[in-house]
Structures are given as structure tokens and as C-alpha cells.
């Protein structure tokens, strides 16, 4: 029996894997047979709107089906979609489509085995403990927001204890909460406990007070016992797919859990990681946060998905797709355009290839993945396979450093504003002189810096998480290149997760979409 | 292979059973082998406070272990404890203790397989749809409350859309919400859909508008797909235990799901159903709601649990235990006192037996169940087994009607206030003339009656759910018998669940206990 089966328990139609236990076992038993798979990112063009995906999950599924048909041991790691958003009809599920589907999309789209709900409960319980701490005089201000999986714009800003205390509070979506971030970056339950201990409950006379100073951490880790286990499912063609961690890389980490990717790399030769919405969100977070700051694998190759129409229909936005492809190439990552055709678009293939050539791209991979699944890709993958075979990148991240902009070094110590400048220049194409400091940003930064100092944390040691609209990279992507700006609006440190969120562009709110 | 295995899927350490499918199969195949088990209620004295249980779950577990040791095919049906309350430390778990424990109490106490969370999400999504209905002008007032599993008193009354709409809303605990009530009483997913369709979203110009008139019901039933399946676990001695449905019979139904009990009766000869807090809450709800109004089995016997100290230490409250035992006996249910000893109380057994005899009780069953488990009970069960063997009651409810007060007829049509009078007289010992109508009750009843009329429902056809403190049966249980009163405070119909809640006694709030 394969070793991993000893760490796997069936939960209905999905397997749940004790990834912490498996990775610990590998560490304690270095002679045990394991793989050192390479990570391939599937990311996308910036979508025209959040509800209109380009087909990243469909591509990821088709890609592993195609690679496995070629005899390569490939697997995918997906983020769990937000049931609240799907159930509300604000957005489709995220389980692929047509011939590029998971066997049980209804499981993945509709709450899996309760992972999101447990994370939501854990953070909400922390809020209850924080309220108790107010009653007991330990803190005078609660800083940790409540959490809801279900979208409801009216929950963004609430008042609790109506008619008595009338305390203003915030509610954020489950995938974006600090507890989700902690689950995404942690490598053990002990680390989760330590990170929860470092979360700021609130302040007392302006000085931050962390949960570790007054709660029983087992009450929180107890709730998370199953939520920390990646789920294993498969494509309709039997290719292995791991699902773990929350979506929404525009407003939070939005990447799969690091342990799910590390586990998959120990089990397979190629691990396709989905990173969206666009490359400016998902790929930026994978590269600049997961890899640089938390030791995740640097990608051996990347695929940037687009639809034929996205690439072409709005001339004012057509700069974005080549920008993403070129940025990743310039980081030394072999990057392949992938054009996900819809019905009636097959006759555009020649034109699309010409456009790609004129832009200096590698030869694009083109197919109707919904209709044809992995079979559409299989014959087109020679260059792609050769590229990641040739790459020295691996899960161990042991390749040479790449070019200046692409250095995989940590940005710790760079300084928060300089780090945002770096992101704006490299990921959004906006130079430093066109960064705009909004009213209130300086005071928000000063307050955050003071909060950090009070907790003996340097704000410059926290990984910067850009919070922005999924559909735009700058304040207005339709403006000419030399007029585009990025505005810094607000700063919010999450000590427990080890990140600091910086609100940019036109979306500064917590993500509670309108129900549709 | 046993038929039930075809309807069972393993979810980690517990089995999840498609009870709807199994019961449908039995109905469609009347010649298939099945049992017609009798229901035995385990209920208790009214607790001195909510956080101090008498030991119902411990007793239930010890009882089935003892019955099985005597060769009787017994099983238990428990309600899932509220993780929020347990994690907050407000109350212990509900998985027994010591030698009378479940094999995996941490599973049952800490969220099982996400059942509560799914029910919470389902009702919260309905609130989001109701808000959308406000935006669209379908309704002008939202009547369905939000739901939280995590206790937080400050959530009882909130304001959403702070700074803009400033809309007042309520939040109730998951176990007490209408969606939980619907799951508890329904026999199929179609019935759940129909009941959700009948839930009142809010009103438009005072006229109730139901969810069925504007939402896709599959969005809600999709969320509930696993939550409707009872979980199967076992005691440390291997006796089968089914867990399904929410607790808190003082403020809601607080009984296991009806399908979980029906399924257990098809599989076993004796099905021990836990019904608490005290007999005035859990047993009252089982008898007067589950059995009378929803067709559940009338109990073939009952056990009323108390501690030696509860029975004796507060003379002003010592009337309650005999009241409960005698009430159930007078309903024709053979009722056995069970005294759950704590360490150091073994020498009280003789005195306890004398007291029981002086009160005219059946011979009490006495043991330290934490220390000795079912072995403490096994030799004492001759009379108990003989009693339910002799009983004509069965899952089919085919016995003769019992005495006047004990008639198992529905109370539909009795009239809400008369029904509460009946409950107060029979379950709390307070005659009609000492019912107190609080200020505001009449207007609350009039508004509820009008709401019902607007929805073409007679309020008198809804099953009355008494909402009260778990620790008291009357406004002040320490007063002399002829001075005790019950106060009617507020009325809240739940059309979907088919019940109307009537707030009584000193507890009129939604149950958000203080976190401790």
C-alpha cells in the first residue's frame, strides 16, 4: 500500500489527507521513497469582471489529464471555491466544465467537508473571546473582524449589542479572513496555534493584546482538526486533484495551502497550481508571498489562460495579457499562452497564432477545453514539457537565482511603501512616480506601524498582500500606459498570518458581492 | 451485507446514513426485513442551571451498553451538541463521560461532519436573498433572523449596513433556527424544499412573502445535502449511537431528527432517545410536538435522570423531580427514576431508595455511571425491560389511547393560548388561572395571527413550541405551589417548520449565552 494511504481517510466521496503528518513523516524518514515534483502555475489574464472566469480550473484539469495521457505523473492543486458566492449565484463554481471537470463538482462547489465553515467558526469564536476580554477589561477595542461565508453587502459594516453597547464591527468573507491565511501558510497544528496566539485581539490603551495572552488555544485548533486536511478528488479521467485553501487572491492570499502543494510535490512529478483571478492577483501572490516569503516552490513553468475574446475585444485593455506573459517570462519562468476557445471560435486559431507570434510569445496552446478536455491539449504540449523538464526549479527551490526583477529573495526589510512600489512596477506596470497616496493612507500606515511596534513586530517584516479589484491592476486600466496610477489607501496588519494588507486601486472594501 | 450499509458512507470515523433513502426503500419494499423498535425516552430533572447537566447522555450510553449486555438490540439517538457553546466553554460536550462514553467524543462535540455549519449557512443565505428582495422591492421588512453557531450575546440584536441603511436585525443560535427545525421534522429533501418555500422572508405592506415565491430552492437544499444524513458512531463498548439534530429543547424543538429515530426503530428493538434539558423541555417537546403533531413514536418507557444532590439539596425545588416522574407515569408511560451518583455518594443508595419508595416511585435505578458505565445498570433493569416489553407502544404508535391528559391526539385547532394553558397545567403544574399575560403579548399574538392569515395559515394549526429558561418551569419555581405563575410574553410563528414559538417564564431572549 502506498505510504500516503496511511495518512488518508475517506470522507464520503473525497479523501482527506493528514498532510501535516505525511510531511512530518517524510522529514523524519529521509530515505523513504518520495518525489520532488515541479510546480507549474496556471494563471490568467485579468478578467473583465470577477464573475467571468477565463477558464483556469477547466485548463488546470485539462492540462493534468493531457500530461497524464502523455505518461507524466501530474496532479493539480485547486483552491476550494466559496460556497456562499456559488450558492448565491454571484459566480459559477470552480470545478471545471464539460470534459474538463471533476467527478463530483457538487462536492467541491458546495462546502466540501466543512473546511470553510470550520475556519469561519474558529475566527468567530475568537471574536467572542475578544468580546469577553472587553468585559473583563483586558482590551478596550476589538480589532479582529467577524467572518461570514455567505455574501451580504449589508454585513460589511455592522453594529452589535444594538440598544446597549452599540459597538461598530466589521464582517469579512471566510476566504479572506486571517484564520484562512493562517491555515494557508502553516505547516503544523503547532504553528497554527502559535500564529493564532500572535493574532491581535484588540488594544488596551492603544497597545495591542494578542489572543495568546488570554485564551486556551486548543479551543481553536480543536475546531480546525479536519479543516487542515487537504481533500483529494479526481477529474472525470481519473487524474488526482487536491483541494485546499480559500480563493480570492485579489483581496487575500487566495492560494492553495502550502502544505497541499508540498504534499503533492512529494507524490507527483508535476504539480499544477491554480493561481487567479489574473496573473496580477494569483501569480503575484504565489511568487511574491508564497515563494519569496514562505518558502514555496518557484514555478518551473507557467500557463496564462485567456479567452479569444478577452484578448481582443477591448483595445484599451489588450495591453494586459502580453504584460502578464512577458512579466513571467522575464522572471525566468517559461510561460505559455493558453487560449480557451468557446463554441464557434475554432476558425480563429490561425489568427490567434499570428497575433501570438507578433507579440513574441512562445507558441500558444489553443483548444476548446469544455468540449474536448485534455485531448485538445495533448498534442500541443511538446514545448511545454520540454520547458519544465529543462527547468532547474523544483519543490526544493534549488535553482539559481534569476534576473534582477525576478530575484526570489524575500522582500522583508524593504519597507512597506517600497514593497508596494516594487509590486506596482513589476506586477502592474506602474512606476513609482505614479503611485498616489490617498488621504488617510499615511495615518493608517502610522497607526499600523505603531500597532506593530506595540507587539514587538516590525511592519517591514510582514509580507505585503495587495488588496484590490480582481478586474483591474491600476486605478483605471483603460488609460494610456503613461497615465496609469496605483493608489495606496489603507493598511491592515495580520500578525498571526505574518502579512500586512494594503488596499489599492478602486476596490477598498471587504469582498461582499451583491447577491445575484 | 446488511441493507443499511448500502445507505451508509464513511466520513472519517463516523458513518453518514442516507436515512431518507433507507426509509423510502422500506416503504417501497414492505416485505424487506426490518424491525419495529420501541422508543424509550431518557429525560431528566430540571437542571439547577443550564451548564450543569444531570447526566442524560452518560445515562443514555450506559443504558444501551447495559441492554445490549443483556442481549437486547438497543441503540441510542442523540442530538448533536452545539460546538460553539462547547468550544466557548459555556457548557461541556455531550458525549457521555468515563466508562459511559462515545469512542470519539471529540468528533461529536467539535462539529461532527459540518451539519450545524451547513444549516447555519443555509439560513444565512436565505437572509441574503431576503435582503436582495428588499432591494428589488419584493418585501419591505426582513423577518428571518441570521444564524450563528458561535455564542455571542452582543449578536442578539445587531444593525447591518451601518452608516447607510442602518437596518436592525436579529441573530439566533444555529440549533434554534427555523432551518434546524425544518431538518428535524422533515422526511425527505422534497419536504425540506417545500418547508423552505413556506418560510416567511418578510412582509410587503404588512403581507407576508414566502421564499418559495422568489428563490431557487435548490440553492438551499444543495447546501444541506450531507447535513440531512444522521451520523453513526458507537459507545466505547461498541453499542450503536446515531447523532442528528440540534439541542436546546428549552428554546426550540431540541429533539433528534424524526428520521434518525424512525431509522433507528427500523434497525433495532429498543431505541433510547435523549430528550432534555429537563422533562419540562425535552420530554414535553417529544410528547407534545414530535409525537402528537409530527407522528413520532410515543415512548414505551421513560427514564428520568437526576443527581442525588439535585433531588435533595434545595427543598424549594424538590417538588420538580417527583412532578416529572409522576407526569410521565400519568401519561401511561412506565417511568423509572435513575440516580446518577458522583464519587463519594455510594453510601447514599439506601436513603435514595427509601425516598423513592416514600414518593410512590417505581424502584429507582442507581449507579455511578461515569465510574462503572453500563455494568452499574445491567443487574437493575429487570423491571425496566419488563415494562417496555409489556408496552403496546411501538414505532407505529398503534397502542390504545391513554388517559384524558395523556391523549396522544394532536392539539391542532385548540387555540394558541389554550394550548399554552394545557402545557402549563400538564408539564409545569400551573393552572389556567395563574397564567399571566405580559404587556405586549396580546399585540404580539395579534400581529402573528394577522401574519398567519396573510399567508393563508391558521395560527392554531401550528405546533406550539414553549421558549423558556432551561432551569425553570415557572416564573419562579421556588415559590409555593399555589403561587407559581407562567407568563406569556411573545409569539413568533415559523410557517416553514409548522410551529409557533411562545416565549414564557423569565427567559425571553434568543439563546446567546455568555462566553466563559
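Chains as they are written, first to last, in the numbering used here: chain A, 690 to 1205; chain C, 690 to 1205.
Built from N, CA and C at the ideal position, the CB exists for glycine as well.
It should be emphasised that the depicted structure is a prediction, and the values quoted were computed from it without experimental measurement.
- If you ignore the 5 residues before and after residue 939 of chain A, its C-beta comes within less than 6 Å of the C-beta of 966, 970, 1157, 1159, all in its own chain and listed in chain order.
- Contact check for residue 808 of chain C and residue 916 of chain C: beta-carbon distance about 6 Å, within the 8 Å limit, so the pair qualifies.
- Under the three-state reduction of DSSP output, residue 737 of chain C falls in the coil class, being neither helix nor strand.
- Under a criterion of Cβ atoms nearer than 7 Å, no residue of chain C is adjacent to residue 1067 of chain A; the nearest Cβ is some 34 Å distant.
- Per the C-alpha coordinates, the member of A/786, A/869, A/953, A/775 positioned closest to residue 729 of chain A is A/953.
- In this structure, residue 1024 of chain C sits away from residue 924 of chain C, with a CB-CB distance that is not shorter than 8 Å.
- Judged by DSSP secondary structure, residue 1124 of chain A falls within the beta strand (DSSP E) whose first and last residues are 1124–1126.
- Contact annotation for residue 799 of chain C against chain A: 911, 912, 914 [CB-CB distance below 8 Å, chain order].
- Nearest neighbour of residue 888 of chain C by Cα position, chosen from C/1194, C/1187, C/1193, turns out to be C/1187.
- Residue 812 of chain A is not a Cβ neighbour of residue 934 of chain A, given a cutoff of 8 Å.
- Cβ contact annotation for residue 1182 of chain C (same chain, cutoff 7 Å, sequence separation greater than five): 1137, 1140, 1141, 1148, 1151, 1189, in chain order.
- Interface annotation for the segment 880–914 of chain C against chain A: 905, 908, 909, 911, 912, 914, criterion Cβ-Cβ distance under 9 Å.
- Interface residue (Cβ-Cβ distance to chain A less than 8 Å): residue 955 of chain C is not classified as such.
- Taking every protein chain shown into account, the CB of residue 1125 of chain C has fewer than 16 other CB atoms within 10 angstroms, so this residue is exposed.
- In chain order, 813 make up the part of chain C whose C-beta sits under 8 Å from the C-beta of residue 837 of chain A.
- DSSP places residue 1130 of chain C within a helical segment (H, G or I) once states are collapsed to three.
- Residue 907 of chain A and residue 891 of chain A have their C-alpha atoms some 20 Å from each other.
- The C-beta of residue 850 of chain C comes closer than 8 Å to at least one C-beta of chain A.
- Going by DSSP, residue 706 of chain C is part of the beta strand (DSSP E) stretching over 703–706.
- Contacts with chain C (Cβ-Cβ distance below 9 Å) from the segment 696–707 of chain A involve 698, 699, 700, 701, 702, 705, listed in chain order.
- Rounded to the nearest whole angstrom, the CA to CA distance from residue 858 of chain A to residue 871 of chain A is 22 Å.
- Residue 1053 of chain C and residue 1026 of chain C do touch by the CB rule: their CB atoms are close to 4 Å apart, below 8 Å.
- In the three-state DSSP reduction, residue 757 of chain C falls in the helix class (H, G or I).
- Under a criterion of Cβ atoms nearer than 8 Å, no residue of chain C is adjacent to residue 694 of chain A; the nearest Cβ is some 14 Å distant.
- Between residue 753 of chain A and residue 765 of chain A, the C-beta gap is smaller than 8 Å, which places the two residues in contact.
- Secondary structure at residue 884 of chain A: helix, using DSSP grouped into helix, strand and coil.
- Per DSSP, residue 1055 of chain A is one residue of the beta strand (DSSP E) stretching across 1054–1056.
- Residue environment analysis places residue 1166 of chain C among the buried positions, since at least 16 neighbouring C-beta atoms fall within 10 angstroms of its C-beta.
- Straight across, the Cα-Cα distance linking residue 704 of chain A with residue 801 of chain A is about 11 Å.
- With a threshold of 16 other beta carbon atoms within 10 Å, residue 731 of chain C meets it and is buried.
- Counting of Cβ neighbours within 10 angstroms places residue 880 of chain C among the exposed residues, the total staying below 16.
- When only Cα atoms are considered, residue 878 of chain C and residue 724 of chain C end up about 24 Å apart.
- For residue 856 of chain A, the closest alpha carbon among the candidates A/941, A/819, A/865, A/1122 is that of A/819.
- Residues of chain C with a Cβ closer than 7 Å to the Cβ of residue 1006 of chain A do not exist; the shortest Cβ-Cβ separation is about 30 Å.
- In the DSSP assignment, residue 947 of chain A falls within the unbroken alpha helix (DSSP H) covering 947–956.
- When only Cα atoms are considered, residue 760 of chain C and residue 1017 of chain C end up about 27 Å apart.
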